[in-house]
Structures are given as C-alpha cells and as structure tokens.
Amino acid sequence: MTPTPALLPTPALRLALVLALGLVGLLGMVDQASGQPLAAQARQDLSFGELLGGLAERVRPDDGARAGQFRIRGANRTVELTFHLPEVLEGPGGATIPLRFGEGDGHFEPSGGDPRQAFDPSRPITLSLPGPPPWHWIHLGGTALPAASVSLGSYSGTVGLTVADLAN
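Numbered according to our numbering, the sequence shown spans residues 1044 to 1211.
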C-alpha cells in the first residue's frame, strides 16, 4: 500500500498592523508652510495571508495589497521614524511564528512624485519631508518564517511607529 502524501497545514495568518504613535514632539507642532500640524496615520495592515509550514513568506513594501502603509503629513521638516517591530506572531496555545525585518523592507514615498527611498525598518531613519504639505507614504514589508510543524490558527502581532519632529 502506498501512503498518501500529507498536506502541509495552511493556517490563515495575518499580522495586524496597529499604529501606536509616540506623540513626544508631535502634538502641537505646526507645519510652518501650511499652518497644519504634523500628523501620521496607519492606513493598511501588513498581511502575510495564508502560510505553508516550513516555507518563508516575504511581503515586499511595494506590494500594494499586502504591505503595511502609513502616511505622514508635514512639509519642509525633518523627522525620525522608529518602528517597534515584533519578533514573532502570536497564535493559538502560545504558538509563535518568527518574523524578520531588514534592509529594503521599508520604503519612504514622498509626495510630489520623488522616487521612493528604501530603508531598514529595524533601525531608526531620519527623513526630510519635502513641501508642499500633502501626505507622504511609508510602506512596510517583512518576512514570516513558519516552522514545518506550525499550529493551525490565526496569528497576529503589533507594529508601533514613533514619529519624532527633529525641529528644523
């Protein structure tokens, strides 16, 4: 008798991207060019989708459907972005899936059509926000590394972002 091949588990996994802003240096800062305050918003979750045990899944920051997206409003000012990234996704019964964030997993897309700037979201980055003051975009990707024996279920984690105005 020939054994039937076992199917790899395909747990539905999702990293819930929640914006937890560090507001030190952010509240009350008015954009001198427009009179508007510096602002930031989470716009889209980073989603790894369904994963197969033992197979790494990378979400590129330019994946419009799955990459995390933040937007920042401000013009002619310098800010420092610091991501607070989880090391693992947490799932049922204490199960975890390791995550990796590295060089090229972050993209800064300034308003006005300037080219995107790639960065490593695991390290703070200083950015110049050009004018005029529409929204500038931050895109976040990363890699999920499920073990071959990953437990079925829903997994999640939280990403925080601190935006500090470096007061030109």
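Here a beta-carbon is modelled for each residue, glycine too, at the ideal position from N, C-alpha and C.
In the displayed model, residue 1175 falls within coil according to three-state DSSP, outside both helix and strand.
The beta strand (DSSP E) runs of length 3 or more contained entirely in the stretch 1128-1196 are, from start to end of the chain, 1131-1133, 1139-1143, 1149-1152, 1160-1162, 1168-1172, 1178-1183, 1185-1187. Counting along the chain, the unbroken beta strand (DSSP E) around residue 1208 starts and ends at 1203-1208. Beta-carbon to beta-carbon, residue 1153 and residue 1179 are separated by about 5 angstroms, close enough to satisfy the 8 angstroms threshold.
Beta-carbon to beta-carbon, residue 1184 and residue 1110 are separated by about 5 angstroms, close enough to satisfy the 8 angstroms threshold. Note that the C-beta distance between residue 1188 and residue 1141 is below 7 angstroms. In the DSSP assignment, residue 1113 falls within the unbroken beta strand (DSSP E) covering 1111-1116.
The beta carbons of residue 1121 and residue 1209 sit closer together than 7 angstroms. The beta carbon of residue 1139 sits closer than 7 angstroms to those of 1131, 1132, 1133, all from its chain and outside the five residues before and after it, given in chain order.
In the structure shown, residue 1126 adopts extended strand secondary structure according to DSSP, grouped into three states. Counting only the Cα atoms, residue 1097 lies some 36 angstroms from residue 1123.
Judged by beta-carbon spacing, residue 1084 lies beyond the 7 angstroms limit of residue 1112, meaning their Cβ atoms are not closer than that value. The shortest C-alpha to C-alpha distance from residue 1175 to any of 1100, 1137, 1167, 1115 is the one to 1115.
Excluding sequence positions up to five before and after residue 1144, its CB lies within less than 6 angstroms of the CB of 1128, 1164, 1165, 1185, all in the same chain and listed in chain order.
The DSSP-derived three-state label of residue 1080 is strand.
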